[in-house]
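> Quick note: to get my numbering, add 18 to the position in the sequence shown (first position is 1).
Every residue gets a Cβ at the ideal spot worked out from N, C-alpha and C, and that includes glycine.
Before we start, here is the structure in question, set down as structure tokens.
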Amino acid sequence: MGVTDDRVNPVRGDSQRGAVLLDRDGVVNNPAFDERDQRFETPLEPADVELADGAIEGIRLLQSAGWPLAVVSNQPPAAKGKTTLEQLKAVHNRIVELLAADGVVIEEWQYCFHHPNGVVAELTGACDCRKPQPGMLFAAGRNLGIDLTRSWMVGDSGVDIEAGQTAGCKTVLIEHRDSAHRRIGKLEPDARVANLAEAAREIMQMSDSQAKVVTDDRST
Ligand SMILES: [Mg+2]
Ligand SMILES: [Zn+2]
Numbered sequence: 019m020g021v022t023d024d025r026v027n028p029v030r031g032d033s034q035r036g037a038v039l040l041d042r043d044g045v046v047n048n049p050a051f052d053e054r055d056q057r058f059e060t061p062l063e064p065a066d067v068e069l070a071d072g073a074i075e076g077i078r079l080l081q082s083a084g085w086p087l088a089v090v091s092n093q094p095p096a097a098k099g100k101t102t103l104e105q106l107k108a109v110h111n112r113i114v115e116l117l118a119a120d121g122v123v124i125e126e127w128q129y130c131f132h133h134p135n136g137v138v139a140e141l142t143g144a145c146d147c148r149k150p151q152p153g154m155l156f157a158a159g160r161n162l163g164i165d166l167t168r169s170w171m172v173g174d175s176g177v178d179i180e181a182g183q184t185a186g187c188k189t190v191l192i193e194h195r196d197s198a199h200r201r202i203g204k205l206e207p208d209a210r211v212a213n214l215a216e217a218a219r220e221i222m223q224m225s226d227s228q229a230k231v232v233t234d235d236r237s238t
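Put into structure tokens, the structure is as follows:
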């Protein structure tokens with residue numbers, strides 16, 4: 019009772035704020051069709067990059083509500099010998115360019131270029147950054163100076179949900195049409211949505227209701 023609109027929202031207090039961590043492919047940009055594997059995977063060429071439905075709207079909604087954002091993405095194609103790190107960086111630059119064309123900037127990007135069974139020696143082997151390991155989420159959390167237990171992980175794959183839960187985040191699963199092969203197994207995200215705009219609305223709604231519960235507890 020007694021929650022008013024102008025009451026300070028404890029979730030967004032400066033010292034204890036969370037962030038929203040985004041997977042990249044299937045969340046920010048669409049997966050691209052991979053002729054070799056005959057399924058949709060990470061874009062290998064800048065020309066293959068297109069932003070996903072709802073990506074710009076979702077990023078704008080979250081940023082205007084004060085959420086710091088980071089991207090945390092597995093990018094193993096160079097380790098597998100399918101392309102080069104230079105090409106993966108060119109794809110990254112194209113995504114940044116398309117976001118900027120819509121007036122959107124994300125400051126924090128974390129990539130894992132490793133694969134346990136790669137063919138390029140320096141990118142091959144176990145690492146603590148490849149999701150479902152939470153290493154990139156921890157690194158992004160440190161760089162942003164945020165509390166991961168007040169944060170959200172948004173992704174379209176089972177490994178995103180697992181990494182988010184391991185890092186103590188709440189999670190939103192985006193059911194992108196081209197990445198169903200990455201959502202096998204038992205997944206228990208806090209919400210399931212179609213795109214990042216819907217994810218942003220879920221996060222804002224669920225965070226507000228959580229803030230009200232905290233406030234109500236204090237008043238009783
Ligand atoms: Mg993905
Ligand atoms: Zn790694």
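1. Locate the beta strand (DSSP E) running through lysine 188, then write down its first and last residues.
2. Using only alpha-carbon positions, find the residue among Ala181, Ala73, Met154 that is nearest to phenylalanine 131.
3. Report the CB separation of aspartate 178 from lysine 149 in whole angstroms; it is logged as a contact under 8 angstroms.
4. Compare the Cα-Cα distances from lysine 98 to each of Asn47, His110, Val90, Leu141 and report the closest residue.
5. Name the residue from Leu214, Met224, Ala198 whose alpha carbon lies nearest to the alpha carbon of arginine 57.
6. Cα-Cα, which of Arg210, His133, Val89, Pro152 is closest to glutamate 126?
7. Please report the residue range of the beta strand (DSSP E) in which glutamine 128 lies.
8. Using a Cβ-Cβ cutoff of less than 8 angstroms, which residues in the same chain neighbour aspartate 43 once the five nearest sequence positions on both sides are dropped?
9. Within 10 angstroms of its Cβ, does lysine 204 collect 16 or more other Cβ (buried), or is it exposed?
10. I'd like the ranges of any beta strand (DSSP E) spanning at least 3 consecutive residues and lying wholly in the stretch 42–82.
Here's the rundown:
1. Working through the sequence shown from its first residue, we reach residue 188 at position 170. Looking at the DSSP string, the run of the beta strand (DSSP E) that includes lysine 188 is 188–192.
2. The count along the sequence shown starts at 1 and reaches residue 131 at position 113. If you compare the alpha carbons of Ala181, Ala73, Met154 with that of phenylalanine 131, the shortest gap goes to Met154.
3. Start at 1 with the first residue of the sequence shown, and residue 178 comes out as number 160. Start at 1 with the first residue of the sequence shown, and residue 149 comes out as number 131. Separation of the CB atoms of aspartate 178 and lysine 149 is rounded to 6 angstroms, and the pair is thereby assigned contact status at 8 angstroms.
4. In the sequence shown, counting from the first residue as 1, residue 98 sits at position 80. The closest CA to that of lysine 98, considering only Asn47, His110, Val90, Leu141, is found on Leu141.
5. Along the sequence shown, one-based indexing puts residue 57 at 39. With distances taken between Cα atoms, arginine 57 lies closest to Ala198.
6. As a first step, residue 126 must be located in the sequence shown, where it is residue number 108. Of the candidates Arg210, His133, Val89, Pro152, the residue whose Cα lies closest to the Cα of glutamate 126 is Val89.
7. Here residue 128 refers to the residue found at position 110 when the sequence shown is read from its first residue. Note, glutamine 128: beta strand (DSSP E), 126–130.
8. Taking the sequence shown and counting its residues from 1, the one referred to as residue 43 is at position 25. Pro49, Glu59, Thr60, Pro61, Ser91, Asp174, Ser197.
9. The residue given as residue 204 occupies position 186 in the sequence shown. In this structure lysine 204 is exposed. Its beta-carbon is surrounded by fewer than 16 other beta-carbon atoms within 10 angstroms.
10. If we require 3 residues or more, the beta strand (DSSP E) runs fully inside the stretch 42–82 come out as 50–52, 57–59.
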